[in-house]
Amino acid sequence: MKFSEQWLRGWVNPHVSRDELVARLSMAGLEVDSVTPAAGQFSGIVVGEILATEQHPDADKLRVCQVSNGQETFQVVCGAPNARPGIKIPFAMIGAELPGDFKIKKAKLRGVESFGMLCSAAELQISEENDGLLELAADAPVGEDIRQYLNLDDASIEIGLTPNRGDCLSVAGLARDVSALYDVPVTRPVVPAVAAVHDEVRPVEVSAPTACPRYLGRVIRNVDLSKPTPLWMVERLRRSDVRSIDAAVDITNYVMLELGQPMHAFDLAEINGGIHVRMAEEGEKLVLLDGQEVALRSDTLVIADHSRALAIAGVMGGEHSGVNTEKTRDLFLESAFFEPVSVAGKARSYGLHTDASHRFERGVDSQLAREAMERATGLVLEIVGGEAGPIVEAVSEQHLPKVAPVTLRAERLSQMLGMDMDPAQVEQLLNALELKTQSNGEGVWTVQIPSHRFDISLEVDLIEELARLYGYNNLPVRYPQARLAPKARSEARGELPILRRLLVARGYQEAITYSFIDPKLFELFTPGVEPLLLANPISSDMAAMRASLWPGLIKALQHNLNRQQDRVRLFESGLRFVGQLGDLKQQPMIAGVMTGSRLPEGWANGRDSVDFFDVKADVEALLGYSGALSDFTFSAGNHPALHPGQTARIERDGKEVGYVGAIHPELARTLGLERPVFVFELVLGDVVEGRLPKFSELSKFPETRRDLALIAGREVASSAVLELIRDNAGEWLTDLRLFDVYQGKGIDPDRKSLAVGLTWQHPSRTLNDDEVNASLQNILTSLEHRLNTTLRK
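The opening residue of the sequence shown carries number 1 in full-length UniProt numbering; numbering runs sequentially from there.
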């Protein structure tokens, strides 16, 4: 919204400087984007009148003008094409200063003396028009200072409004806010009702009352559009960034800027019958005022007569029914309320954006149409004459907006602003915005919301109004207070950043992938599980919440492989989503993927590819970080996304905490993976939960070691063997390790050989052979009875 400062001060004039007014508007939520002076800095320029002109004797494009300043006549050489006798123009006399520190001196142009300069609008920095002299009104007082005559000690102020503040897209709306900010009265122009002097009307029919609940029309006969728009109106429009066209159009634009009601003037002679407000017919043609022909859609509201469409409602009029200064003698003025949703986006859909559509899309006062009609009628009669007829109104009260009263509580106001506001000040600020308040005397107000404030419907809306008018910078600064006792943190619990660093040290790089994936990919990794689908996904391939981190990591792996990265190791930490709304479990996980060579390429490194035991070693490093590696067990597992012979299920205290293994060959083929890919995924909470180390005094006595070669069935897990040994070796066993597994020649094909080393050490004495042998016998007996495992012979 762009407006003239002096125009606003004609409505409400607080005794503050321009800079202070601009700053206060910005602080009140009406952010000022720019302040542009109405003209450049100049002096010594007066209203001059050209009395006579003659051709320059030595230049075809120059004229010698006789110019009066009301007291004397001066000879001025001028090259403007519109320099002619009888016009009044800005006259810079000798000694005058133009913008840019240009001082006017006596000069000689092609041998002819010139005593001054005749100016264009661009030379005074009033506008960018530079195609001739700035022609002033015929009644301009000759000799008066041009700055005073044109009221150029003014500025164009542009504010950037948020979409909810459509009420401030007018001088009247801005005046309400300024009045409330400075507690000064608003002086509205008197808008008397214009009495009808004839009874000619055009009937109005509204067949789309939901989109157009109110429509007013009035016939004005015998207007003279050859009369120019008054200079004061042209200047106010120019300083509001609106170009002057003709008196009828200028008046409707002026009323729109002044009161906020967009209007339109039709050529009455081009209206066939009456006005019909209806939805357009699909494909119906209309040539707009800008010359563009559009094919209307059936969802577009139009203003039509009894034969064709005349305008797109709330957007732009048609060319054939528009006002023409040469032929138009009678006007039909339109003033209407269009429901915002019905016109929202229509202008943009036709490649248009107009001042009217900008306002109607944000909302126009539903009760303003009649006042605007009377204001426009009065201006038309004053400027171009004419005879006004009666106003015809079609209204559907049931479709007009209804605004319910809003209750405001002093307690809630104090709570949200952090201060107690004087009740009298609350009422003064709200009443200044025409929000009528009624107090019950106990700190509760019932506030009647006017029709122009369609953005206020809740108590918090009123509190926001009070806060911005009181001044956000005046609100007290209070810091939140809370009793923040430090929480005890278990030293046994690990930290995710350390796990990240551990994996980076082992050659991994961290990846961050989307939490939503393709439903087809979801089905590949978790078949038979119903995905949690997004109601409004970014795209169809990002519509399901992930139940595992693997799909995102596999896509990142593919991205790298497709770009010639042969050795890839990635990890990610994030949430997986299991279940549906109402029973949704969001679980922090850490997962990884690897493929390629075991070691980076180098002269000293082999070319062996990674296998199951490489990824298992990385998982054990993660689990061992917490100091509780012995709490975790690996067992052969089944997972639909993993290779059935290379899958380990990881448990802690009987609870599943994750999987590690190779991607299933069929899944690899589906995904286009041509090499073995290994993955792991762990529940983060179980990985970081560890045990505190405990110090035990070092024994001064020697260790005793025994090595056993055991024959076990192929299906017997080595972990089961080690667990049984540990349970039966006695309390002085300090170390147990499996150092060899053999299957082959000399061993039954259904059996395998396991070589284990056992170490005992007593803290206070040397163990004797009998004690160690007793422990060994106990171990061998348990292995034979429970696992059918014996000593190798």
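Cβ coordinates follow ideal geometry from the N, Cα and C atoms, glycine included. This structure is a prediction, so every number in the text was calculated from the model and none was measured.
query: By the three-class DSSP mapping on this structure, what secondary structure does P390 have?; result: strand
query: With DSSP as the reference, label K700 as helix, strand or coil.; result: coil
query: Skipping 5 residues on each side, what residues in its chain have a beta carbon closer than 6 Å to that of S114?; result: V76, V77 and A107
query: For the UniProt domain "FDX-ACB" (699-792), list the alpha helix (DSSP H) runs that are entirely contained and at least 4 residues long, ordered along the chain.; result: 718-728 and 769-787
query: Output the boundary residues of the beta strand (DSSP E) element that contains T437.; result: K436 to S439
query: Give me whichever residues DSSP pairs with A265 in a beta bridge.; result: L333
query: Between the C-alpha atoms of S335 and L216, what's the straight-line distance to the nearest angstrom?; result: 5 Å
query: Can you check whether the CB of G79 is closer than 8 Å to the CB of K103?; result: no
query: Ignoring anything shorter than 3 residues, give me the beta strand (DSSP E) runs that lie fully in the segment 397-426, in order along the chain.; result: 406-409
query: Look at the Cβ atom of A137, then the Cβ atom of E129, and state whether they are nearer than 8 Å.; result: no
query: In whole angstroms, give me the CA-to-CA distance for K2 and E258.; result: 11 Å
query: Per DSSP, which residues does E569 bridge with? Please list them.; result: The question names Glu, but residue 569 in the sequence shown is Arg. The partner list for R569 (beta bridge, DSSP) reads M594.
query: So the alpha helix (DSSP H) K61 belongs to, where does it begin and stop?; result: Careful: K61 lies outside any alpha helix (DSSP H) and carries neither H nor E.
query: Determine, using beta carbons only, whether L499 and L622 come nearer to each other than 8 Å.; result: yes
query: Can you have a look at Y472 and say buried or exposed, based on whether 16 or more other CB atoms are within 10 angstroms of its CB?; result: exposed
query: Determine the extent of the alpha helix (DSSP H) in which S179 is found, giving its start and end residues.; result: V171 to Y182
query: Identify every run of the beta strand (DSSP E) within the segment 237-305, keeping only runs that are complete inside it and at least 3 residues long; order them along the chain.; result: 263-267, 275-279, 285-287, 293-295 and 301-304
query: Give the secondary structure of residue 796 by DSSP, where H, G and I count as helix, E and B as strand, and everything else as coil.; result: An answer regarding residue 796 cannot be provided, because it is not within the stretch 1 to 793 covered by the chain.
query: Between the alpha carbons of L417 and V677, how many angstroms are there, rounded?; result: 59 Å
query: Quick check on this structure: which residue in F42, L8, G111 and Q41 has the alpha carbon closest to the alpha carbon of H56?; result: G111
query: Tell me which residues share the same chain as G363 and place their Cβ nearer than 6 Å to its Cβ, disregarding the 5 neighbours each side in the sequence.; result: G166, P340 and F454
query: Going by beta carbon distance, what residues of the same chain come within less than 6 Å of S775, once the five residues before and after it are set aside?; result: A729 and G730
query: Strictly by DSSP, which residues pair up with I89?; result: G48
query: W603 by DSSP, collapsed to three states: which one?; result: coil
query: Can you list, in chain order, the stretches of the alpha helix (DSSP H) that have 4 or more residues and sit fully within the segment 435-514?; result: 459-470 and 496-505
query: CB-CB under 8 Å to R468, same chain, minus the five flanking residues each way: which ones, in chain order?; result: M27, A28 and G29
query: Looking at the unbroken alpha helix (DSSP H) that takes in E311, where does it start and where does it end?; result: A small correction: the amino acid at residue 311 is Ala; Glu does not occupy that position in the sequence shown. Looking at the DSSP string, A311 is not in any alpha helix (DSSP H); the run it does join, the beta strand (DSSP E), is A309 to I312.
query: Across the segment 203-216 and the segment 379-388, are there enough close Cβ pairs to call them in contact, namely three or more that are closer than 8 Å?; result: no
query: Looking at the structure shown, is G552 part of a helix, part of a strand, or coil, going by DSSP?; result: helix
query: Per the DSSP calculation, Q75 is bridged to which residue(s)?; result: Q66
query: Taking only the alpha-carbon atoms, compute the straight-line gap between D614 and R598 and give it to the nearest angstrom.; result: 8 Å
query: With DSSP run on the structure shown, which of helix, strand or coil describes L561?; result: helix
query: Are A96 and G44 touching if we call contact CB-CB under 8 Å?; result: yes
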